[in-house]
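Following the working numbering, the numbering of the sequence shown begins with 23 at its first residue and continues without gaps.
Below: the structure, in structure tokens.
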Amino acid sequence: MSFISDELKELPFYLTRPSPCPYLEGQVEQKIFTRLLADNQSDFLLSSQLTPLGFRRSQTIMYRPACPSCSACVPVRICVADFNLTRNLKRIHVKNSDLMSVVISTRDAAPLFNLFNAYQRARHHESDMAQMALSDFMAMMNEGSDNAALLCLRDASGNIIAAMLMDTLGDGTSAVYSFFDPAQEKRSLGTELILRLVEYTGGQALAFVYLGYWIKQCQKMAYKARFPALQRLTAHGWEAFIPADR
């Protein structure tokens with residue numbers, strides 16, 4: 023696999039200090055990371071080349087795990103051309119057929135703060151994100167986001183009840199972060215957002231939806247195994263992947 027283009031070969035990469043893993047108790051986390059350049063074309067190129075190598079974006083940082091004694095985080099992506107709804111996914115998609123997909127600029131994210139806040143307090147009340155102010159939320163949406171947008175689901179009353187921060191890459195899209203109305207749990211809105219992202223990505227004639235890391239032992243990360251046409255990144259490149267517990 024190629025790494026980065028000639029004009030970016032001098033880009034510095036850093037290694038974080040060891041810290042407790044937020045996903046697996048007793049494990050130590052380290053990450054290798056670099057910073058985006060605050061230039062739209064360069065950042066698009068950097069994200070497009072590093073994401074297929076297992077990197078993720080968090081605001082202006084591109085990172086991937088480099089843990090000393092654990093390799094549980096497995097980068098996964100959906101191959102859009104091979105994607106077909108399973109029976110369960112079809113039920114979810116039909117259940118949400120009344121919702122309209124809309125794509126908005128990250129600069130217009132402020133009205134979604136209350137939705138984000140409700141989601142954090144219901145699902146992740148113990149996390150730092152549950153304490154975010156509006157300014158923190160807008161920084162999360164906008165820093166490093168020249169190639170990002172918000173894929174939203176709007177109900178019949180015109181209210182946005184789910185949103186996904188997504189990046190557009192050279193070969194696909196990347197699901198950066200999702201949040202939704204916690205009172206509508208029966209809709210499976212997190213899953214529906216990914217289904218809509220697959221549709222959107224195919225409509226843009228792009229090949230892959232990057233989902234981040236699948237962690238078998240972590241319930242909040244293991245859900246990614248339910249999607250068909252899944253691929254995982256190995257030492258030999260991207261390979262078809264059917265988790266044993268699907």
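Don't be surprised by glycine CBs; every beta carbon is placed ideally from N, CA and C.
Can you tell me the Cα-Cα spacing of residue i and residue j, whole angstroms?
i, j, result
"PHE230", "PHE55", "23 angstroms"
"MET23", "GLU261", "The pLDDT assigned to MET23 is 43, lower than 50, so where the model puts this residue is not dependable; a value taken from the coordinates is nonetheless given after this. So the alpha carbons of these two residues sit roughly 13 angstroms apart."
"ARG86", "VAL198", "13 angstroms"
"LEU217", "SER179", "22 angstroms"
"PHE138", "LEU215", "15 angstroms"
"GLN253", "ALA144", "31 angstroms"
"TYR235", "TYR45", "11 angstroms"
"SER149", "MET243", "16 angstroms"
"PHE263", "ARG99", "10 angstroms"
"HIS4", "LEU233", "Since the first and last residues shown for the chain are 23 and 268, residue 4 lies out of range."
"LYS238", "THR82", "28 angstroms"
"MET122", "PRO90", "44 angstroms"
"SER93", "CYS174", "33 angstroms"
"THR170", "GLN49", "Reading the sequence as shown, one finds Ala at residue 170 and not Thr. Between ALA170 and GLN49, the C-alpha separation is close to 32 angstroms."
"HIS146", "LEU255", "28 angstroms"
Can you give me the start and stop residues for the beta strand (DSSP E) that residue i sits inside?
i, result
"MET84", "83-87"
"GLY194", "194-202"
"GLY180", "Looking at the DSSP string, GLY180 is not in any beta strand (DSSP E), and its letter there is neither H nor E."
"GLU261", "259-262"
"ARG79", "78-80"
"VAL125", "122-126"
In this structure, how does DSSP classify residue i when only helix, strand and coil are distinguished?
i, result
"LEU233", "strand"
"ARG143", "helix"
"ASP61", "coil"
"TYR245", "helix"
"GLN253", "strand"
"ALA170", "strand"
"PHE66", "helix"
"PRO34", "coil"
"PRO265", "coil"
"PHE105", "coil"
"PRO90", "coil"
"LEU137", "helix"
"GLU47", "coil"
"LYS238", "coil"
"ARG176", "strand"
"ALA185", "strand"
"PRO40", "coil"
Could you spell out where the alpha helix (DSSP H) holding residue i opens and where it closes?
i, result
"SER157", "156-164"
"THR223", "211-225"
I believe residue i touches residue j by the beta-carbon criterion, under 8 angstroms. Please report the beta-carbon distance rounded to the nearest angstrom.
i, j, result
"ALA131", "LEU172", "6 angstroms"
"LEU219", "ILE182", "Not really, about 15 angstroms apart at Cβ, beyond 8 angstroms."
"PHE202", "TYR141", "6 angstroms"
"PRO250", "PHE105", "6 angstroms"
"THR108", "ASN164", "Not quite, the Cβ-Cβ distance comes to about 36 angstroms (not below 8 angstroms), so this is no contact."
"ARG78", "GLY166", "Not confirmed; about 12 angstroms, so no contact."
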